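**Student:** For the sequence shown, numbering that gives the first Met the number 0 assigns the number 0 to the initial residue and increments by one for each residue that follows. In this text, a Cβ means the ideal position worked out from N, Cα and C, and glycines have one as well. Note that the structure is a prediction, hence the values are computed from the model and not measured.
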Amino acid sequence: MEQSYDVVVVGHGAAGLAAALAAAEAAGSAPARVLVVERASQAARGGNTRWSPSYMRLEAPDRLAPRFEEDMMETSGGRSDPAYVARLAADATPVLAWLQQHGITFDRPPNYFLTAAAPRIQPVGAGAAIVDVLARAASAAGVEFAYDTDAQSLELAPGGGVAALHVRTAGTDRRIATNAIVFACGGFESDPVAMREHLGEGAESIRPITAGTAYNTGGGIRMARAAGAQTAGDWNGVHVEPVDPRSDRPEAVVLTYPYGIVVDRNGRRFFDEGNGRVDETWETLARTIHFETPGRIAYAIFDSSLAEIPGFERAICTDREPIRAGTIRELAAGLEIDADGLAQTVAAYNAAVPADASAFEATRVDGLASNGLVPPKSNWARRIARAPFLAYPIVCAICYTFGGVKTDAEARVIGAGGPIPGLFAAGEITGQFYGKAPGGTSVLRALVFGRIAGKHALDCRTNG
Ligand SMILES: Cc1cc2nc3c(=O)[nH]c(=O)nc-3n(C[C@H](O)[C@H](O)[C@H](O)COP(=O)(O)OP(=O)(O)OC[C@H]3O[C@@H](n4cnc5c(N)ncnc54)[C@H](O)[C@@H]3O)c2cc1C
């Protein structure tokens, strides 16, 4: 028998759960039928959100970081929609208050960036707490869940509004009638074909950074486009991070590289390791490793002075030990990279950095720069001279893509003639980021626009 719901939400991450809970709560005394469709099993639910530390760009749950809107607009080179950014800023603290009402608490712990970035708060229990708490609250509010269920296509009514979602569960197809759908099913980072199409050859082999990332294969973007949705965001843009390939941990980043050098397997430097704070350089490093180094692998090299930097362990999230050696040549042998190349690189680097390193300051952009080195090292340029030497291999891993469907500040999906009736989208599926990721805003925007989408989707019950 065909099922029918007031609101169908696709995706069980921050955006989808915020939408489902908001729709159920907005129904008040006339309970709504709300369904969350999720392709992962119940045990594997949560998408990227579940694995994300979920840092948020706020000083406190009731106070945004300074220059929140200005920084977001600047990071996008002025290309993000200012109305969307303004709505995000306006609704951020009310959304966090809503999470607090549901039992989520926030903290401002030291994070893996040693160089000061914009202030970040974090939900206690990180993204997994968001998934668990919101799923529990949604379930208590009457929301139903269909796990192991893949959303496949969207059906429009003759008048152009949403009529149904077609899904597949364990090989069986079914039609779910509804006037309102919220797509909250992530980007296309784990679709090799789309990755290659939009980012170029080789992009299909960038590894997903967590188990949850692998579920996001762009299905929502394809369905929305087939229904006439416009696109937005930077289709060549991705958030990628440098990780230790030996580790199975989610987000096994090595973020101490500004205090050493990074070389390819010929032992050559190819990147200015000190060209700004880590959160300004990590995407470029990861991307350069994948697209421009032989074998798509690099090595972060340090000497024993790394261990003197207070809290340096925080910036290394791999569970694997570094390769250690008493000399640079032995280190190269341990890494199985060109020993002559590495020895020459370290010698040239040491000759080009200031003899007096007293200006070195790990936690700020310190201005200690190399002289005449190519590529330069613009900050934290100290000699690599004191044994034992150590190294971590690093490769590129992907978190999410920037290209997606076009939405407005009401989370409505925009088609050629304006909003598509009954179709909403929130989170990573929506195209708003350009150039670099504005750190600490992804989970926040998933929650803010998920909640907006859920409320409006419920309105389709009376309007639809
Ligand atoms: C390692 C890592 C670290 C991060 N750190 C931060 C951070 O500190 N701060 C921050 O703001 N952001 C961070 N992010 C980004 C942030 O976590 C995500 O942008 C955010 O969680 C996205 O939420 P979402 O609900 O849009 O998508 P997701 O949480 O990915 O949820 C999408 C869901 O849709 C499901 N799905 C996909 N296709 C279908 C389909 N066809 N049918 C049914 N279901 C489908 C997926 O299985 C998944 O459960 C990080 C991401 C990663 C991976």
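#1: For P420, I'd like the list of residues in its chain whose CB is within less than 6 Å of its CB, leaving aside the five on either flank, ordered along the chain.
#2: Span of the alpha helix (DSSP H) holding R135?
#3: So if DSSP puts I205 in a beta bridge, which residue, or which two residues, is it bridged to?
#4: Compute the minimum distance between the beta carbon of H165 and the heavy atoms of ligand 1, and state whether it is under 6 Å.
#5: If we define contact as Cβ-Cβ less than 7 Å, is M194 a contact residue for chain B?
#6: Does ligand 1 have a heavy atom nearer than 6 Å to the CB of N47?
#7: For the alpha helix (DSSP H) containing P81, list its first residue and its last residue.
#8: For a quick check, are the C-beta atoms of R450 and V33 less than 7 Å apart?
#9: Along the chain, where does the alpha helix (DSSP H) that runs through Y399 open and close?
#10: Is the CB-CB distance between K435 and A231 below 7 Å?
#11: Can you round the beta-carbon distance between S40 and D147 to whole angstroms, since I take them to be within the 8 Å contact cut?
#12: Classify N370: buried if its beta carbon has 16 or more other beta carbons within 10 angstroms, exposed otherwise.
#13: Just tell me which of M222, H455, D302 has its CA closest to the CA of E154.
#14: Quick one, which of H197, L367, D263, L330 has its alpha-carbon nearest P257's?
#15: Would P191 and E203 be called neighbours here (beta carbons separated by less than 7 Å)?
#16: Return yes when the C-beta of S51 is under 6 Å from any heavy atom of ligand 1, and no when it is not.
#17: By Cβ distance, which residues of its chain are closer than 7 Å to I428, with the 5 residues on each side in sequence left out?
#18: If you measure from the CB of S79, is any heavy atom of ligand 1 nearer than 6 Å?
#19: Let me check understanding here. Comparing Cα to Cα, which of A85, A134, F112, R56 lies closest to R44?
#20: Between L305, A285, T326, which lies nearest to I296 when the distance is taken from Cα to Cα?
#21: Given this structure, state the Cα-to-Cα distance separating S303 from P375, to the nearest angstrom.
#22: Beta-carbon separation of A390 and I327 under 7 Å?
#23: Ligand 1 and G185: does the residue's C-beta get closer than 6 Å to at least one heavy atom of that ligand?
#24: Between the stretch 72-82 and the stretch 125-143, can you find at least three pairs of beta-carbon atoms closer than 8 Å?
#25: Along the chain, where does the beta strand (DSSP E) that runs through D247 open and close?
#26: What did DSSP end up calling G463 once you bin it into helix, strand or coil?
#27: Helix, strand or coil: which one does DSSP assign to P293?
#28: Would you call Q100 buried or exposed, if buried means 16 or more other Cβ atoms sit within 10 Å of its Cβ?
#29: How many angstroms separate the CA atom of G463 from the CA atom of L446?
#30: Closer than 6 Å: is that where the CB of R38 sits relative to any heavy atom of ligand 1?
#31: From this set, M55, A396, A306, which residue's C-alpha is nearest G474's C-alpha?
#32: Could you check if C280 is buried or exposed, using at least 16 other CB atoms within 10 Å of its CB as the buried criterion?
#33: Ignore the nearest five residues each way along the sequence and tell me which others in V242's own chain have a CB closer than 6 Å to its CB.
#34: Quick check on D355: buried or exposed, where buried means 16 or more other Cβ atoms within 10 Å of its Cβ?
#35: Mind checking which residues open and close the alpha helix (DSSP H) that includes Y348?
#36: How big is the Cα-Cα spacing for R86 and A410?
**Tutor:** Put simply:
#1: So the qualifying residues of the chain are G160.
#2: Per DSSP, R135 belongs to the alpha helix (DSSP H) from 125-139.
#3: Answer is none; I205 lacks a bridge partner.
#4: H165: no, Cβ never under 6 Å from ligand 1.
#5: The structure shown contains no chain B, having only a single protein chain.
#6: Result yes, Cβ under 6 Å from ligand 1.
#7: For P81, the enclosing alpha helix (DSSP H) stretches over residues 81-100.
#8: Judged by their CB atoms, R450 and V33 are not nearer to each other than the 7 Å cut-off.
#9: Looking at the DSSP string, Y399 is not in any alpha helix (DSSP H); the run it does join, the beta strand (DSSP E), is 388-400.
#10: Going by C-beta atoms, K435 is not nearer than 7 Å to A231.
#11: Right, their Cβ atoms sit about 5 Å apart.
#12: N370 should be labelled exposed.
#13: Here the closest residue by C-alpha is M222.
#14: For the residues H197, L367, D263, L330, the minimum Cα distance to P257 belongs to L367.
#15: In contact: P191 and E203 (Cβ atoms closer than 7 Å).
#16: True, at least one ligand heavy atom lies under 6 Å from that Cβ.
#17: Residues F182, A183, C184, G185, G186, G219, I220, G403, V404 of the same chain have their beta carbon placed closer than 7 Å to that of I428, with the five preceding and five following residues left out of the count.
#18: Checking the Cβ of S79 against ligand 1 gives no.
#19: Looking at the Cα atoms, A134 is the closest of the given residues.
#20: It is A285 whose Cα lies nearest to the Cα of I296.
#21: Their backbone Cα atoms lie some 22 Å apart in a straight line.
#22: Contact flag unset, no.
#23: Yes, ligand 1 has a heavy atom inside 6 Å of this Cβ.
#24: Not touching, per the Cβ criterion.
#25: Counted as a single uninterrupted DSSP element, the stretch harbouring D247 is not any beta strand (DSSP E), since DSSP gives it neither H nor E.
#26: At G463 the pLDDT is 46, less than 50, meaning the model places this residue with poor confidence; the figure from the coordinates comes in the next sentence. Per DSSP, reduced to three states, the secondary structure at G463 is coil, with no helix or strand assignment.
#27: Three-state DSSP puts P293 in a helix.
#28: Burial call: exposed.
#29: Any reading at G463 must be qualified, since the residue scores a pLDDT of 46, below 50, and its modelled position is unreliable; the value itself is stated next. Put simply, the backbone Cα of G463 is about 25 Å away from that of L446.
#30: Yes, Cβ of R38 sits closer than 6 Å to a heavy atom of ligand 1.
#31: Residue 474 is absent from the model: the chain starts at 0 and stops at 463.
#32: First, the amino acid is wrong: residue 280 is Thr here, not Cys. By the 10 Å Cβ count, T280 comes out buried.
#33: If we look at V242 and ignore the five residues flanking it on each side, its Cβ neighbours are A251, V252, A396.
#34: Exposed is the call here.
#35: That run of the alpha helix (DSSP H) goes 338-351.
#36: R86 and A410: Cα-Cα distance of roughly 10 Å.
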